[in-house]
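Residue 1762, in my numbering, is where the sequence shown stops; the numbers in between run on with no holes. Beta carbons: idealized from backbone N, C-alpha and C, even for Gly. These notes are about the structure you will find just below.
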Amino acid sequence: MSVEPNGLAVAGDKLVIRNIGLLLSGDLANPILDADTIVCTGERISAVGKAADLNLEGAKTIIDAQGCVVTPGLIDNHVHPVAGDWTPRQNQMGWLDSTLHGGVTTVISAGEAHYPGRPRDLVGIKALAIAAQRSFANFRPSGMKIIAGAPVLEHGMTEDYFRELAEAGVTLIGEVGLGGVKDGPTGRQMIAWARKYGMTSMTHTGGPSIPGSGRIGADVVLEVDADVIAHVNGGPTALPDDEIIRVCEESTRALEIVHNGNLRTGLMVLKIAQERGELARVIVGTDGPAGSGVQPLGILRTITMLASLGGVAPEVAFCFATGNIARVRKLDDRGLVAAGRAADLVFMDQALGGGGKDFLDSITMGNLPGIGMIMVDGVVRTGRSRNTPPAARVPETVAA
């Protein structure tokens, strides 16, 4: 596939991915596709199906998947970016690039809360949100897509304030509770204004996480009614079980299970969602960088944990990190393997040397998969991941 100087695919170039052994769709309603071939045109998927039924002529690039698994690019619903590929929380460089090697092609900010000297005045908050949205729209380490600019709520914000943010291109609200707004009525009014202007939002859930944050219990979570109940299993400290049950049963909003939370509570939330037939509400994130560090494989680890310990099929668990998040966050251009969606794809297989008869069985047994290739916007960004164990099979580019 031809590539422009900025690393993006040239519109109109055709790419064919053939010999796919297992194709995961990201769609909870149909998580495994009866297909072995994907056709991409430029940055988008243009067709999915059986090779015999598709027009494969004129491809600039052909990738032989060699029987491995293809999934949508994973999405991390909960990160805290600051500036470029650096985090002051752990004073670490390259964490976003390293996360891409974990199969994550999109990350979503839960608030730039770790920004050194983060402003608390309304002018400064707006300036930081717009600057983060602009800079991370342009900065894409290894092609990763970073959706940032998530202002933290403070008292004094008005409806016009949210309208102006939205007009400037800000689409997110950071975790309610990280700033001065920690009460239900104020949070609910501000979230309603943000929603009116198309912004999606989240509520901190659990004990305090950083200086300035506070305990946000079930009463406040339910009253604020944000789109995402962030780290419902604690970030990192989970609420008592009775409050978790209330949040799950009395709200209809997305339930975010994070890597940096309480594992026991995460599994309890998953069980409640299963019993209520509400797996469409379950999404995942890492909540990193955090005190526990940076987890490049955090999303893969969370998928594997939920599938191996939580009793959901692996192909369903992958939906929590792809299609479910895309729906909740209104990202109708990614998250699924389907015509019209971004050609953000991860080529995986069972890791060498582990138990399990195949890819899905291995994950059910608790083993991480290996990644052999990652594609973003129709461009191959990595070969074998430097972070996962080696995959049994890897794709090969056979024509270009």
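1) Evaluate contact between the segment 1529–1545 and the segment 1467–1479, counting only Cβ atoms and requiring at least three cross-stretch pairs below 8 Å.
2) Whole beta strand (DSSP E) runs in the segment 1658–1746 with 3 or more residues, listed along the chain?
3) For GLU1405 and VAL1741, what's the separation of their Cα atoms in angstroms?
4) Looking only at DSSP bridge pairs, what is GLY1655 linked to?
5) Nearest CA to the CA of VAL1590: which residue from THR1759, VAL1431, THR1403, HIS1566?
6) Taking the straight line between their C-alpha atoms, what separation do you get for ASN1622 and GLY1576?
7) Looking only at its chain, what residues have a beta carbon closer than 7 Å to the beta carbon of ALA1588, apart from the 5 residues adjacent to it on each side?
8) Would you kindly report the start and end of the unbroken beta strand (DSSP E) that includes VAL1543?
9) Round the Cβ separation of LEU1629 and GLY1596 to the nearest angstrom and send it over; I've been treating them as touching at under 8 Å.
10) Grab the span of the alpha helix (DSSP H) containing ARG1525 for me, first residue to last.
11) Determine which residues share a DSSP beta bridge with SER1471 and list them.
12) Ignoring anything shorter than 3 residues or poking outside the segment 1582–1636, list the beta strand (DSSP E) runs there in chain order.
13) Using 8 Å for Cβ pairs, my map puts PRO1450 next to PRO1481. What's the rounded Cβ distance?
14) Tell me which same chain residues have a C-beta within less than 8 Å of the C-beta of GLU1521, skipping the five on either side of it?
15) Quick check on ASP1426: does DSSP put it in helix, strand or coil?
16) Looking at LEU1491: is its Cβ nearer than 8 Å to the Cβ of PRO1513?
17) Need the endpoints of the alpha helix (DSSP H) that SER1497 sits in, please.
18) Return helix, strand or coil for ILE1645, following the three-state DSSP convention.
19) From this set, PRO1443, THR1403, LEU1386, ILE1407, which residue's C-alpha is nearest ALA1397's C-alpha?
20) In terms of residue numbering, what span does the beta strand (DSSP E) encompassing LEU1385 cover?
21) Suppose you measure from the CA of ASP1649 to the CA of ALA1414; what does that come to, to the nearest Å?
22) Only counting the same chain, and skipping five residues up and downstream in sequence, which positions put a Cβ closer than 7 Å to that of ALA1704?
By the coordinates alone:
1) yes
2) 1707–1711, 1732–1738, 1741–1744
3) Start at 1 with the first residue of the sequence shown, and residue 1405 comes out as number 43. Start at 1 with the first residue of the sequence shown, and residue 1741 comes out as number 379. Cα-Cα distance, rounded: 8 Å.
4) If you number the sequence shown from 1, residue 1655 lands on position 293. For GLY1655, which the question treats as bridged, DSSP gives the partners ALA1652.
5) Here residue 1590 is taken as the residue at index 228 of the sequence shown, counted from 1. Looking at the Cα atoms, HIS1566 is the closest of the given residues.
6) Translated into the one-based positions of the sequence shown, residue 1622 becomes position 260. Translated into the one-based positions of the sequence shown, residue 1576 becomes position 214. Cα to Cα, ASN1622 sits roughly 17 Å from GLY1576.
7) As a working note, residue 1588 is residue 226 in the sequence shown. Around ALA1588: VAL1538, ILE1553, SER1563, MET1564, THR1565, ARG1615.
8) Here residue 1543 refers to the residue found at position 181 of the sequence shown. Careful: VAL1543 lies outside any beta strand (DSSP E) and carries neither H nor E.
9) Here residue 1629 refers to the residue found at position 267 when the sequence shown is read from its first residue. Here residue 1596 refers to the residue found at position 234 when the sequence shown is read from its first residue. Not quite, the Cβ-Cβ distance comes to about 12 Å (not below 8 Å), so this is no contact.
10) Numbered from its first residue, the sequence shown carries residue 1525 at position 163. Element bounds for ARG1525: 1521–1529.
11) Within the sequence shown, numbered from 1, the residue matching residue 1471 stands at position 109. SER1471 is bridged to VAL1441.
12) 1616–1620
13) As a working note, residue 1450 is residue 88 in the sequence shown. As a working note, residue 1481 is residue 119 in the sequence shown. Contact flag wrong, Cβ pair sits at about 15 Å.
14) If you number the sequence shown from 1, residue 1521 lands on position 159. If we look at GLU1521 and ignore the five residues flanking it on each side, its Cβ neighbours are TRP1555, LYS1558.
15) As a first step, residue 1426 must be located in the sequence shown, where it is residue number 64. Strand.
16) On the sequence shown, position 129 is the one that residue 1491 refers to. On the sequence shown, position 151 is the one that residue 1513 refers to. In the sequence as presented, Leu is not what sits at residue 1491; that position holds Ala. Against a cut-off of 8 Å, the Cβ pair of PRO1513 and ALA1491 comes out as a contact.
17) What you label residue 1497 is simply residue 135 of the sequence shown in a count that begins at 1. Taken as a continuous stretch (DSSP letters only), the alpha helix (DSSP H) holding SER1497 covers 1484–1500.
18) Reading the sequence shown from its first residue, position 283 is the one you call residue 1645. Strand at ILE1645.
19) Within the sequence shown, residue 1397 is the residue found at index 35, counting from 1. ALA1397 has its Cα closest to that of LEU1386, out of PRO1443, THR1403, LEU1386, ILE1407.
20) Looking up residue 1385 in the sequence shown gives position 23. Looking at the DSSP string, the run of the beta strand (DSSP E) that includes LEU1385 is 1384–1386.
21) By 1-based counting over the sequence shown, the position of residue 1649 is 287. By 1-based counting over the sequence shown, the position of residue 1414 is 52. Rounded to whole angstroms, ASP1649 to ALA1414 spans 43 Å at the Cα level.
22) Numbered from 1 along the sequence shown, position 342 holds the residue referred to as residue 1704. Excluding residues within five positions, the ones whose Cβ falls inside 7 Å are GLU1405, ARG1406, ASP1695, ARG1696, ASP1739.
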